[in-house]
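Visitor: Structure provided below as structure tokens; questions to follow.
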Amino acid sequence: MSNENKPVHRLRLSTIAAAVFRNVSEDGHVSYNATFDRSYKDGNEWKRSHNYGRDDLLNLSKLADQANTWIHEQQQAEAQRPKPEPGTS
1 MSNENKPVHR
11 LRLSTIAAAV
21 FRNVSEDGHV
31 SYNATFDRSY
41 KDGNEWKRSH
51 NYGRDDLLNL
61 SKLADQANTW
71 IHEQQQAEAQ
81 RPKPEPGTS
């Protein structure tokens, strides 16, 4: 996985955000991962946290569900694409 791997999809619900990453292994296997964070303001400065309070959990679970649905849609679309013949690019 490259350090320059950027999200292929972003979601936000209130103060909770999700980022979905697409990773391709050396053998061509595609996988997806998601990260979540919460934005909050400390004085005049915006910060991010990976800690969630009770009032954040419903939004976190909704974003996790949306990210999961998006990933499944991508995997279904990729599965329907024709595979290249061995030895061709």
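Residue numbers (the UniProt record's numbering): 1 to 89. We treat Cβ as the ideally placed atom computed from N, Cα and C, and that holds for glycine. The structure displayed is predicted, hence computed values, not measured ones.
Please say whether VAL24 and TRP70 have beta carbons closer to each other than 9 Å?
Guide: By 1-based counting over the sequence shown, the position of residue 70 is 70. By 1-based counting over the sequence shown, the position of residue 24 is 24. It is not a contact, given that the beta carbons lie outside the stated cut-off.
Visitor: Could you give the residue range of the beta strand (DSSP E) that holds ASP42?
Guide: Numbered from its first residue, the sequence shown carries residue 42 at position 42. Note, ASP42: beta strand (DSSP E), 30 to 42.
Visitor: Considering only the alpha carbon of each residue, which of PHE36, ASN44 and PRO82 lies closest to SER14?
Guide: On the sequence shown, residue 14 is found 14 positions in, with the first residue counted as 1. Among PHE36, ASN44 and PRO82, the Cα nearest to that of SER14 is on PHE36.
Visitor: Going by DSSP, name the residue or residues bridged to SER49.
Guide: Residue numbering aside, residue 49 sits at position 49 when the sequence shown is read from its first letter. Paired residue(s): ARG38.
Visitor: Would you call ALA18 buried or exposed, if buried means 16 or more other Cβ atoms sit within 10 Å of its Cβ?
Guide: On the sequence shown, residue 18 is found 18 positions in, with the first residue counted as 1. ALA18 comes out buried.
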